[in-house]
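Reading through the structure tokens given below for one structure.
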Amino acid sequence: MNKLLIVGTVAFDAIETPFGKTDKIVGGAATYIGLSASFFDLQSAIVSVVGDDFPQEHLDLLTSRNIDISGIEIVKGGKTFFWSGLYHNDLNSRDTLVTELNVLADFQPKVPQNFKDAEVVMLGNLHPLVQSSVLDQMETTPKLVVLDTMNFWMDCALPELLDVIKRVDVITINDEEARQLSGEYSLVKAAAKIQELGPKYVVIKKGEHGALLFHKSEVFFAPALPLEEVFDPTGAGDTFAGGFSGYIAQSENISFENMKNGIIYGSNLASFCVEKFGTERMVGLEAKEVNQRLKQFKALTQFDIEL
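At position 197 of the sequence shown the residue is numbered 197 (full-length UniProt numbering), and the sequence of numbers has no breaks.
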């Protein structure tokens, strides 16, 4: 069975949207990525850190989804990373209300020995030095390294970010971040500039407007499924990344054509994530629902035209 190594935060979130608010709930990039990737036939492991305030039931949830948690360090007397955010009416913009790094401030990742040969590595949104440290610990060269990052690291750790970008095969960022990283407004030009930094493939996420995949001169676009209700976009990008990397790890095919399928699988799973607050929808999601919605995606994008 193929192996997927996931690096990212396991955290607490408190979220407010126009549709309601939550108290402190489980979140974090690695949590969403892991839950999403668990819908594929593979072995996965999470490398992260939490405090001893993190409930055992949440760790048990991850293991129940066949996720190896031996790489999640539990710091005695420490407090888990906490983020609180307020989403605006369009759900595309938000204000960060609270960020408490806590145990994440001194995080030194330790890759489990049995995952140092993982075929696919998914570097979730974290400090670029942490992402680089994980790659340094791999004993065999992964077939595919996927990196997710954000404008925060472009603002405060750009040299370190550029160093790790050189070492990855795929980068996933949103349209605003692609423009900031490249200095180009056109997303086509932005993707070309970013490919010059190292990645062979660039995935630009556009939220409710879908996602773009770039490789050399080739471009693929996947729409987002129109949904009746969107409650909370938190974790949607990470869920997308988990679906994308999980599918690629399972299929063992890293061609551009197969990555198109990965984009669809990622978009499909992300469409569920936004239907409830936090991880609630992903926890209760069943495989038959995933397959049924894949059919909706196919119907949405399939057409015949005479040329």
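Just so you know, even glycine gets a beta-carbon here, dropped at the ideal spot from N, CA and C.
In this structure GLY246 is not in contact with PHE115, their Cβ atoms being roughly 15 Å apart against a cut-off of 8 Å. Nearest to ALA249 by C-alpha distance, out of LEU158, ALA118 and ALA222, is ALA118. Judged by their CB atoms, ILE263 and PHE244 are nearer to each other than the 8 Å cut-off.
In the same chain as VAL98, and ignoring 5 residues on each side of it, the C-beta atoms closer than 6 Å to its own belong to SER84, in chain order. For VAL230, there is no enclosing beta strand (DSSP E), as DSSP marks it with neither H nor E. In the three-state reduction of the DSSP assignment, VAL203 falls in the strand class, which pools E and B.
DSSP lists VAL75 as the bridge partner or partners of GLY51. CA-to-CA, the gap between VAL283 and SER44 works out to about 17 Å.
PRO159 is the residue among LYS143, PRO159 and LEU144 whose C-alpha sits nearest the C-alpha of LEU129.
With contact defined as three or more Cβ pairs closer than 8 Å, the stretch 27-38 and the stretch 228-239 are in contact. Between GLY71 and ALA190, the alpha-carbon positions lie close to 35 Å from each other.
Judged by beta-carbon spacing, LEU91 lies beyond the 8 Å limit of GLU16, meaning their Cβ atoms are not closer than that value. Proximity to LEU212 across SER251, ILE171 and THR234 peaks at ILE171, based on C-alpha coordinates. DSSP assignment within the stretch 69-149 yields the following whole alpha helix (DSSP H) runs of 4 residues or more, N-terminal first: 128-137. In this chain, the beta strand (DSSP E) harbouring LYS3 covers 3-7. Nearest in C-alpha terms to LEU144, of all of VAL120, LEU162 and GLN137, is VAL120. In the DSSP assignment, the residues bridged to GLN43 are LYS3. In this structure the stretch 203-212 lies against the stretch 252-272, because at least three pairs of beta carbons, one per stretch, are closer than 8 Å. As a beta-bridge residue in DSSP terms, LEU212 pairs with ILE204 and PHE221.
Counting along the chain, THR22 sits inside no alpha helix (DSSP H), nor does DSSP assign it H or E at all. Per DSSP, reduced to three states, the secondary structure at GLU196 is helical.
Within the DSSP bridge table, the entry for ASP13 names ILE25 and TRP83 as partners. Assigned with DSSP and collapsed to three states, VAL170 falls in strand. Closest in alpha carbon position to PRO199, among LEU126, LEU147 and GLY51, is LEU147. Per the DSSP secondary-structure output, ILE67 pairs in a beta bridge with SER44.
The alpha carbon of LYS166 has as its nearest neighbour, out of GLU196, THR22 and ARG179, the alpha carbon of GLU196.
Segment contact: the stretch 219-234 against the stretch 173-184, fewer than three CB-CB distances shorter than 8 Å; contact not assigned. The C-beta of THR96 has fewer than 16 other C-beta atoms within 10 Å across all chains shown, which makes the residue exposed. Here the alpha carbons of LEU61 and GLU208 stand approximately 29 Å from one another. Contact check for VAL290 against ASP232 fails: the beta carbons are separated by 8 Å or more.
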